[in-house]
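Visitor:
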Amino acid sequence: MVEELGEQSERPLSITDQLTSEYNTVFNNKDLIEPDTIVDEDRIVGRDEQLNRVINIIKPALHGDQPEDMLLRGPSGTGKTLIAGTVATKAIKIGASRDVQMEFVEVNGKHKKSEHEAIHQITHAFERELDLEYTSKTGVSTSSRYDRLFDIVDEYLDFGIVILDELDLLVGDSRNKDEPPAFSDILYKLSRAKRIGKMDSSFTLIVTTNSPNSLMSGLNSRTDSTFNPTEVSFADYNANELREILSHRRDAFYEDALDDDVIPYVAAVAAQGEGDARFAIDLLREAGNIANRREMQTVHKSHVEEAKNQVEKNYVVDVIENVSFQKQVSLFAAAVVNLYGQTELGRSDYLTEMSAPATVAHTLYNWITDHEDIEQRSKHSFLRWMRELDTYEVIELNRKGRGNEMGVFAEYIFHNLSAEAMVETLADKDKRFANVLEDEELLKSVVQTNLKNF
DNA sequence: ACTCCACTGGAAATGAAGGCAG
DNA sequence: CTGCCTTCATTTCCAGTGGAGT
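Start counting the first sequence at 1; every next residue gets the next number (the UniProt record's numbering).
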């Protein structure tokens, strides 16, 4: 606690000076283009049909009837979560004015590892919304987590809305193939609780997914018979819709802070990719940030061009920051090998430049963990983590051969975020990484010796 | 087609953390 | 406090895989 205060370093300008200096921004209301903002209904574009359907499905809740569960399907950034969240928020407001106690919570399957964790998160979110005392996560069976959840809904709510975002990603422990994925159990237990009438009150499930097929085929037969959602499809936005979406959020910026061609350009760039509205909005915001940093009054097309890189980088940085410490160490080791090993890497025929061979990266992992007194895990774990980071597209993993009867090896390539940026990001985040970098010459020679011996 | 070897991937085992009952 | 239980991360064991040169 006390340590946090001790970190102040000397600054050229006093804090007061800096805080009171002229504030230059192109943003009038930045909230409008923050990722998680739930916007007014009139800012929702090109999704009239979906909006109507979701509204009609939720509506019975306001009259004491049980709404259908919903499955919102479509690629990412097509407004699924936005619409679910917006309608839920509105419904809660209306409910409150009619003395119907409602609440909604949202969990994203992407960030959850297991059934237990997901249920805990839902329970925890309700506890927070309702100002209840938090109950602990570990040391308690999953089924008692469910019970706590049902108790809360029963006791404090007339109706709950649970949004399960990107649920197909919540596969849980994939060790046993015969076991259904985690989301199957979650859906089964939640929808069963309603049907069986465990509670006086009830809730509805809104599931969103990019790949409805893998979701529905992952359900086992029990779940299948209890979970029968109404499906609503969402398609990619086209450039026109993206343009309109962005125009509706134009007032995030000051009147003349946007060049005329900025919004069409952002829309075109985003439509070229995936038709992902989130990406479009991130891009617009980042372009604004860049203009601000340059202390310019207006955002230009060229800022968007620059922002493109930044946004893609941010996605990777976001992943590395949310990954466990051991995985960060592994990544750091691989990045260091890549960064300091260039000369050696270029020398060999079977090594790609800008890569790091797994074996050497692992040796460095061991070296770093020794050096910084970090707990050391097995090679197997190291390899698994790196594979995992490959599936997150943080790095690219290639399998290569070493030549005659020398076997194959894996090499890690840094595409989306350069090894240098990766090392910097991590060194920024944790002192121990920065420590390792201090002795640059030593580190360099360790890397190169190991590459030579490889 | 074969060989070598580092990696892969599944399954089972182990160990740690932490709440709960007695 | 002790023994027990659940979940989760990691380790251990083991049977493949596959790149590339012969």
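For glycine and all other residues, C-beta sits at the position ideal for the given N, C-alpha and C. Quantities reported herein were computed from a predicted structural model and do not represent experimental measurements.
Can you have a look at S355 and say buried or exposed, based on whether 16 or more other CB atoms are within 10 angstroms of its CB?
Guide: Result: buried.
Visitor: Pop quiz: A280 and I320 are said to be a contact at Cβ under 8 Å. What is the actual Cβ separation, rounded to whole angstroms?
Guide: Not quite, the Cβ-Cβ distance comes to about 24 Å (not below 8 Å), so this is no contact.
Visitor: Nearest CA to the CA of F104: which residue from L164, Y340, T298?
Guide: Considering only alpha carbons, the answer is L164.
Visitor: Let me confirm a value: M406 is counted as buried when at least 16 other C-beta atoms fall within 10 Å, else exposed. Which label applies?
Guide: Answer is exposed; the Cβ neighbour count stays below 16.
Visitor: Please classify N416 as buried or exposed, where buried requires at least 16 neighbouring CB atoms within 10 angstroms.
Guide: Flag for N416 reads buried.
Visitor: Just reading off the beta strand (DSSP E) that L397 is part of, what are its end residues?
Guide: Note, L397: beta strand (DSSP E), 396-401.
Visitor: Starting from R73 and walking both ways along the beta strand (DSSP E), at which residues does that stretch end?
Guide: Element bounds for R73: 70-73.
Visitor: Thinking just about the alpha-carbon of each residue, which of P75, S201, N314 is nearest to the one in R35?
Guide: Per the sequence shown, the amino acid found at residue 35 is Pro instead of Arg. Closest by alpha carbon: N314.
Visitor: So what's Y23 in DSSP terms, helix, strand or just coil?
Guide: Three-state result, Y23: coil.
Visitor: Should the stretch 272-290 be regarded as contacting the stretch 62-82, the criterion being three or more beta carbon pairs within less than 8 Å?
Guide: A contact exists between the stretch 272-290 and the stretch 62-82.
Visitor: Would you mind working out which of S141, T135, F126 sits nearest I116, comparing C-alpha positions?
Guide: Reading off the sequence shown, one finds His at residue 116, where the question assumed Ile. Looking at the Cα atoms, S141 is the closest of the given residues.
Visitor: My assumption, with CB atoms under 8 Å, is that Q101 sits in contact with L157. Please give the rounded CB distance.
Guide: Between L157 and Q101 the Cβ distance is about 5 Å, and since that is below 8 Å, they are a contact.
Visitor: Which of the three DSSP states is assigned to R175 in this structure?
Guide: Low confidence applies here, because R175 scores a pLDDT of 49, under 50, leaving its location unreliable and the question unanswered by this model.
Visitor: For A91, does the three-state DSSP call read helix, strand or coil?
Guide: Helix at A91.
Visitor: Give me the Cα-Cα distance between V316 and K379, rounded to the nearest whole angstrom.
Guide: Cα to Cα, V316 sits roughly 24 Å from K379.
Visitor: Between the stretch 246-261 and the stretch 86-94, do at least 3 Cβ pairs fall closer than 8 Å?
Guide: Contact between the stretch 246-261 and the stretch 86-94 is absent, because fewer than three Cβ pairs lie under 8 Å.
Visitor: Could you tell me the distance, in whole angstroms, from the CA atom of A271 to the CA atom of R98?
Guide: Cα-Cα distance, rounded: 42 Å.
Visitor: Per the DSSP calculation, G160 is bridged to which residue(s)?
Guide: Beta-bridge pairing links G160 to E103, F203.
Visitor: Mind checking whether A287 and V304 have CB atoms under 7 Å apart?
Guide: Cβ atoms of A287 and V304: closer than 7 Å.
Visitor: Going by other Cβ atoms of all chains shown within 10 Å of its Cβ, with 16 needed for buried, is S209 buried or exposed?
Guide: Before going further, note that residue 209 is Thr rather than Ser in the sequence given. T209 should be labelled buried.
Visitor: Go ahead and pull the three-state DSSP assignment for I281.
Guide: Helix at I281.
Visitor: With a threshold of 8 Å, are at least 3 pairs of Cβ atoms found where one atom belongs to the stretch 358-373 and the other to the stretch 330-338?
Guide: They touch, by the three-pair rule.
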